[in-house]
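Okay, so here's the structure we're looking at.
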Amino acid sequence: MMVPVRCFTCGTVVGEHWEEFDERANEGDEDPEKVLDELGVDRYCCRRMLVSHTDLVDVVSPYQ
Numbered sequence: 062m063m064v065p066v067r068c069f070t071c072g073t074v075v076g077e078h079w080e081e082f083d084e085r086a087n088e089g090d091e092d093p094e095k096v097l098d099e100l101g102v103d104r105y106c107c108r109r110m111l112v113s114h115t116d117l118v119d120v121v122s123p124y125q
């Protein structure tokens, strides 16, 4: 699994929010917008970074 560590645009550390965001928004039934608000991610570029991240490691390298 690859975790986005920093926002590509502004350089803010976003990796510290990834696990909770992934659990609540991607695997749960919560609205991603509300989860990001509760986590304190305010900048559009950082929000886009978390919402649009797709983990491709399993797809690119299926053989462990």
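Residues in the sequence shown are numbered consecutively from 62, following this note's numbering. Every residue, glycine too, gets a C-beta built ideally from N, C-alpha and C. No experiment lies behind these values; they were computed from the predicted model shown.
Based on DSSP bridge pairs, tell me the residues matched to valine 74.
Locating residue 74 in the sequence shown gives position 13, counting from the first residue. In the DSSP output, where bridge partners are listed per residue, valine 74 has Arg67.
Nearest-angstrom Cα distance between arginine 104 and valine 112?
For this step, residue 104 is matched to residue 43 along the sequence shown. For this step, residue 112 is matched to residue 51 along the sequence shown. Cα-Cα distance, rounded: 12 Å.
As a quick exercise: from Gly72, Asp92, Trp79 and Glu99, pick the residue whose alpha carbon is nearest that of histidine 114.
By 1-based counting over the sequence shown, the position of residue 114 is 53. Nearest of Gly72, Asp92, Trp79 and Glu99 to histidine 114, Cα basis: Trp79.
Does aspartate 103 come out as helix, strand or coil in the three-state DSSP assignment?
The residue you call residue 103 lines up with position 42 of the sequence shown. In this structure, aspartate 103 counts as coil in the three-state DSSP scheme.
In three-state terms, what does DSSP make of aspartate 90?
As a working note, residue 90 is residue 29 in the sequence shown. Looking at aspartate 90 - three-state DSSP - the assignment turns out to be coil, as it is neither helix nor strand.
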